[in-house]
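Okay, so the sequence shown: first residue is 1328 according to this note's numbering, each after it adds one.
The C-beta atom is built at its ideal place from N, Cα and C for all residues, glycine as well.
Small disclaimer: the values here were computed from a predicted structure and weren't measured.
Report on the structure given below.
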Amino acid sequence: MGIFRLTSFMNENPQILKEFQLHDTKLVIDGKNLLHLIFEGSKINKKHGGDYDRFACEIVKFFSILKACNIKPYVLFDGGDDPSDRKFNTQIRRARERLEEAMRISSGQRTRDIVLPILAYDTFKSVLLEINVPFNVCDFEADEEIAIRANELYCPVLSYDSDFYILPINAGYIPFNSVCLEPQEGKRWNNSVYHYLPARIYYVDSFATCFHALGRNVLPLIALLLGNDYVDREIFYPFFSSLRFCNYQQQFNIPDFFPKMRKLISWLNNLDTYEEGIQKILSSACTSEDREAMLSAINITEKAYTLDNKSLSTGKALHISNNGLTIPSWFLNFHREGRLPSELLKILQSRSNFLKTQIEDPKSPSSYQCCARLRKYVYCILLSEDVGNAGVQSSLDNGMEANGKCAVEEYDRKGYELVKKVVCPIKNAKIFDMLPKLSEIPTLPPTVRENTVRLALDIPLFNIFHLSKDLEFILGIVLFWKKNAQPNATENHLRSVLVCLIMLKLTSIDRRESTGHEQNLIDDAVLGMPVKARKQINMRLLMFSQIRDDRLDSNLIHGFAQLQACFKTAMDLNCLLLCPFPTPCIYQIFSETFLYNFVVELWERRNPDMFVCELLSQNSDLPKVYQILYSAVMNSLL
1328 MGIFRLTSFM
1338 NENPQILKEF
1348 QLHDTKLVID
1358 GKNLLHLIFE
1368 GSKINKKHGG
1378 DYDRFACEIV
1388 KFFSILKACN
1398 IKPYVLFDGG
1408 DDPSDRKFNT
1418 QIRRARERLE
1428 EAMRISSGQR
1438 TRDIVLPILA
1448 YDTFKSVLLE
1458 INVPFNVCDF
1468 EADEEIAIRA
1478 NELYCPVLSY
1488 DSDFYILPIN
1498 AGYIPFNSVC
1508 LEPQEGKRWN
1518 NSVYHYLPAR
1528 IYYVDSFATC
1538 FHALGRNVLP
1548 LIALLLGNDY
1558 VDREIFYPFF
1568 SSLRFCNYQQ
1578 QFNIPDFFPK
1588 MRKLISWLNN
1598 LDTYEEGIQK
1608 ILSSACTSED
1618 REAMLSAINI
1628 TEKAYTLDNK
1638 SLSTGKALHI
1648 SNNGLTIPSW
1658 FLNFHREGRL
1668 PSELLKILQS
1678 RSNFLKTQIE
1688 DPKSPSSYQC
1698 CARLRKYVYC
1708 ILLSEDVGNA
1718 GVQSSLDNGM
1728 EANGKCAVEE
1738 YDRKGYELVK
1748 KVVCPIKNAK
1758 IFDMLPKLSE
1768 IPTLPPTVRE
1778 NTVRLALDIP
1788 LFNIFHLSKD
1798 LEFILGIVLF
1808 WKKNAQPNAT
1818 ENHLRSVLVC
1828 LIMLKLTSID
1838 RRESTGHEQN
1848 LIDDAVLGMP
1858 VKARKQINMR
1868 LLMFSQIRDD
1878 RLDSNLIHGF
1888 AQLQACFKTA
1898 MDLNCLLLCP
1908 FPTPCIYQIF
1918 SETFLYNFVV
1928 ELWERRNPDM
1938 FVCELLSQNS
1948 DLPKVYQILY
1958 SAVMNSLL
């Protein structure tokens, strides 16, 4: 959500906000917003599709700064789609914008476009768990729940979303761009030292009292008439056309390029009541249809931006999927705890799945095509109650419209365009019968849930000594990718992935990071090395993590984009089945700058395997580990 150009207006009028020292307080944080802001504000390489190792470090750094100032964060993330589906057009627009941005980067254009990697959210959540930062996922969009939670805790909100200029937050809203993330030292009345972050804070009354007659009632009018994600701004063109400037003392700085805001502020200052404003808006309608559209927009906006008598305890809506069936309570609870991806809830709610375009080869099929079969397993389990009610053969074999019980609308890239494809779950009745129903998943033995993942990924029996379960899952996904990638993932792509696993393990042990997973053969080799040798090998490998100015080869990067798509889908399936395999730690698997630079290097080597072993050999068993992993994948392809 967002109010059109309201942030720009506030930036032009800094007097509305107040200087503030942020310290010794609880703080409710807009998780989705922070995710983007940390990534976009970092010096991480953003053109290769995901340096998750460095991103994880940036997340830890941010929350360490908060801790230094005794700020206790509580993070809330967006969840499913709005149940009324009012934001569908906004979703389409944003999906197209992301596609265009990704294609500009992939085509090597000089651009400031930034595309958030598809596993960034998973990385963010896993880091929050590791550093014990509390978080939850909302059922729908988080804005309202963030405001309610902040009011219950009487603490400020940190975000960079113009909706928080409208929502009444009693302890204030702190725009992220106003915060200096360098702790300063202050002294209390008793000369004790404290640390704080200089910031600016906004209180709704600081703005609302500028409109003496309306007070806080002015806020939903501004959200309505400037336009928000729920309302089509074109509805109010006749209203703005009817406005004339009124003479009054201008108390705000409004640039000439924003005449709409000039008109609006002038008009609002001449209103006596909120009801008068509503009547004048409705009277500008040219037809009865226009009036109905305006009235609907007014009701939607009032509901979205009014918190009267709302609380978290009463705000839990009854969740019904679009065929009228109730979503299981276990599913909703796990989703709220962040243990289920929000994409799964969105599919249940709307029967649609927006596949986020990656930085990839525009001339090749979408990177998501290679795991289309895997997504069908996810859809089939998610919609299992519907499929069961409809009958397997009649509903799966005959094909259905997107609004039918069993189909999912996928929105994906085809060339440079966003296209819709109707996907029906698995048509094989025998396989369907082997899959669990959504409602029964929590009652199933772990072995049944694990075997479902093995079936979907076709994980073979890897004949590897000391193969931990998390590494087995990772190798299973890598093997699935190698089998299904189109265009094919080359052996050099595979070599790069395996060396990246080793490199990130070396780095994590040097940083003393832990994922809580059981030790495996990579750990054995790394921990068994002399510290000096470990550091020497790591330094050699880290050379390939440096950002280079070479022109991006989208053909090479496409293979890794396909691997990320496979990981995303496989992890979603594993989460849906309540994690029979340990959840992979993404920032100890992917470093896309390394992967890209290393695969480029391998193409210049006559004997890539010899080159890899020379890099890894320094009084270590790492060359042997590499050969074991490489052979395990390649032999499984035979």
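Sequence-distant residues of the same chain with beta carbon closer than 7 Å to residue i, five excluded per side
i: V1520; result: E1512, K1514
i: N1924; result: F1871, R1875
i: P1692; result: Q1813
i: L1272; result: No statement about residue 1272 is possible, as the shown extent of the chain runs from 1328 to 1965 and does not include it.
i: Y1487; result: N1360, L1364, P1502, F1503, N1504
i: F1390; result: P1400, I1458, V1460
Within 8 Å, strictly: CB atoms of residue i and residue j
i: K1345; j: R1527; result: yes
i: L1494; j: Y1632; result: yes
i: A1816; j: S1947; result: no
i: A1812; j: G1886; result: yes
i: G1665; j: K1452; result: yes
i: K1587; j: F1567; result: yes
i: R1543; j: V1531; result: yes
i: D1850; j: K1832; result: yes
i: G1499; j: P1444; result: no
i: W1808; j: Q1889; result: yes
i: V1952; j: I1758; result: no
i: I1674; j: V1735; result: yes
i: F1534; j: I1343; result: yes
Span separating the alpha-carbon of residue i from that of residue j
i: C1827; j: S1918; result: 7 Å
i: L1645; j: F1467; result: Interpretation of L1645 is limited by its pLDDT of 49, a score under 50 that renders its predicted location unreliable; the figure taken from the coordinates is listed afterwards. Near 12 Å, if we compare the C-alpha coordinates of F1467 and L1645.
i: K1373; j: I1608; result: 45 Å
i: E1818; j: V1442; result: 27 Å
i: R1875; j: A1624; result: 50 Å
i: H1350; j: F1415; result: 39 Å
i: S1656; j: L1456; result: 23 Å
i: S1679; j: Y1738; result: 8 Å
i: G1329; j: Y1564; result: 19 Å
i: A1469; j: F1404; result: 6 Å
i: T1450; j: F1894; result: 12 Å
i: L1480; j: N1463; result: 15 Å
i: P1689; j: M1430; result: 6 Å
i: S1569; j: Y1492; result: 27 Å
i: S1944; j: L1929; result: 17 Å
Simplified DSSP assignment, three categories, for residue i
i: D1440; result: coil
i: I1608; result: helix
i: A1469; result: coil
i: N1338; result: helix
i: N1819; result: helix
i: Y1521; result: strand
i: R1589; result: helix
i: L1794; result: coil
i: T1536; result: coil
i: L1806; result: helix
i: F1584; result: coil
i: K1394; result: helix
i: S1835; result: helix
i: A1812; result: coil
Unbroken alpha helix (DSSP H) run spanning residue i, endpoints
i: G1358; result: 1358 to 1368
i: V1858; result: 1858 to 1869
i: E1619; result: 1615 to 1632
i: V1558; result: Segment: none, V1558 is in no alpha helix (DSSP H) and carries neither H nor E.
i: Q1891; result: 1881 to 1903
i: Q1676; result: 1669 to 1677
i: L1949; result: 1949 to 1963
i: Q1418; result: 1415 to 1433
Terminal residues of the beta strand (DSSP E) in which residue i lies
i: E1736; result: 1735 to 1741
i: Y1401; result: 1398 to 1404
i: Y1923; result: Where Y1923 is concerned, there is no enclosing beta strand (DSSP E), although the alpha helix (DSSP H) it sits in stretches over 1919 to 1930.
i: I1501; result: 1500 to 1502
i: Q1846; result: That residue, Q1846, is in no beta strand (DSSP E); it is neither H nor E in DSSP.
i: L1349; result: 1345 to 1349
Contacts around residue i, its chain only, beta-carbon distance under 6 Å, and the 5 residues preceding and following it disregarded
i: I1356; result: P1400, V1402, L1485
i: L1762; result: C1707, I1708
i: R1932; result: F1938
i: I1786; result: G1803
Residue-level contact to chain D via CB, residue i, 8 Å cutoff
i: I1562; result: You won't find chain D in this structure, because it holds only one protein chain.
beta-carbon residue i near the ligand NAD non-hydrogen atom, thresh 7 Å
i: N1397; result: Questions concerning the ligand NAD fall outside what the structure shown contains, since it holds no ligand whatsoever.
Neighbourhood of residue i by C-beta distance below 8 Å, restricted to the same chain and skipping five residues each side
i: R1439; result: none
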